Amino acid sequence: GAVVSQHPSWVICKSGTSVKIECRSLDFQATTMFWYRQFPKQSLMLMATSNEGSKATYEQGVEKDKFLINHASLTLSTLTVTSAHPEDSSFYICSARDAPGYGYTFGSGTRLTVV
Amino acid sequence: GNSVTQMEGPVTLSEEAFLTINCTYTATGYPSLFWYVQYPGEGLQLLLKATKADDKGSNKGFEATYRKETTSFHLEKGSVQVSDSAVYFCALGGGSNYKLTFGKGTLLTVNP
Chain A
1354 GAVVSQHPSW VICKSGTSVK IECRSLDFQA TTMFWYRQFP KQSLMLMATS
1404 NEGSKATYEQ GVEKDKFLIN HASLTLSTLT VTSAHPEDSS FYICSARDAP
1454 GYGYTFGSGT RLTVV
Chain B
3 GNSVTQMEGP VTLSEEAFLT INCTYTATGY PSLFWYVQYP GEGLQLLLKA
53 TKADDKGSNK GFEATYRKET TSFHLEKGSV QVSDSAVYFC ALGGGSNYKL
103 TFGKGTLLTV NP
């Protein structure tokens, strides 16, 4: 079945630094990828939708200059948290939609801790 | 807009008990419906899905039927196991942007 690889699975960074999270579709071409943020014991909050080769569409309230999303190819999307602060600490999950089917496959998530 | 209302937990059951997690939705058009499961510290795994009215999704003993007349997609399992302990999310997908709309999730704990 479809597999999405997300790296790293966890990262600790210092306040003010930037962190990049990668999301790769391993065996299918992902026309659309989604980035979510999940707070403890809460549901997933959609941050942005990215389509290959075009700018990401951010949800209301999400700072696009802070959460940079790049979807340069049909198999790779990246989320960069710039100038991270402790309040950015969270669980980030990507999802990819495959082109022919109507399926969504999720990555295993990245636990970001900003100290 | 689209929305999903999911039974709030937590739900605690004994092994081999019957499970129902209610899910209702509001949507325009003809969305697809999904149940995802999330184990601690992990991403979401698709449990089952249904793409049109009256479809029944099933996997690993779990079932859910797409009921358009009641706008529901309740998750059921006849006999739960300890390994089923996880958070379950009902989700709706549809529209030109293909976004998924999630319910708030239900934490299920199954005790031996």
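So the sequence lines, in the order shown, correspond to chains A and B.
Residue numbering for the first sequence follows the numbering used here, starting at 1354 and increasing by one per position.
Residue numbering for the second sequence follows the numbering used here, starting at 3 and increasing by one per position.
Beta carbons: idealized from backbone N, C-alpha and C, even for Gly.
What you are looking at is a predicted structure, and each value in this text was computed from that prediction instead of being measured.
At 8 Å on the CB atoms, spell out the chain B contacts of residue 1462 of chain A, in chain order. Within chain B, the residues placing a beta-carbon under 8 Å from that of residue 1462 of chain A are 43, 44, 45, ordered along the chain.
Using a C-beta cutoff of 8 Å, does residue 59 of chain B count as contacting chain A? Residue contact check for residue 59 of chain B against chain A: no CB pair falls below 8 Å.
Can you say whether residue 85 of chain B is buried or exposed, counting buried as having 16 or more other CB atoms within 10 angstroms of its CB? exposed
Delimiting residues of the beta strand (DSSP E) encompassing residue 78 of chain B: Its beta strand (DSSP E) spans residues 77 to 79.
Please state if the CB of residue 1397 of chain A and the CB of residue 36 of chain B are separated by a distance shorter than 8 Å. Going by C-beta atoms, residue 36 of chain B is not nearer than 8 Å to residue 1397 of chain A.
In the DSSP output, which residue or residues are listed as bridge partners for residue 1387 of chain A? A:1402, A:1448
Can you check DSSP and say which residues form a bridge with residue 1420 of chain A? A:1434
Whole angstroms are fine: how far does the CA of residue 1375 of chain A sit from the CA of residue 1407 of chain A? 17 Å
Starting from the beta carbon of residue 104 of chain B, find every residue of chain A whose beta carbon is closer than 8 Å, and list them in chain order. 1396, 1397
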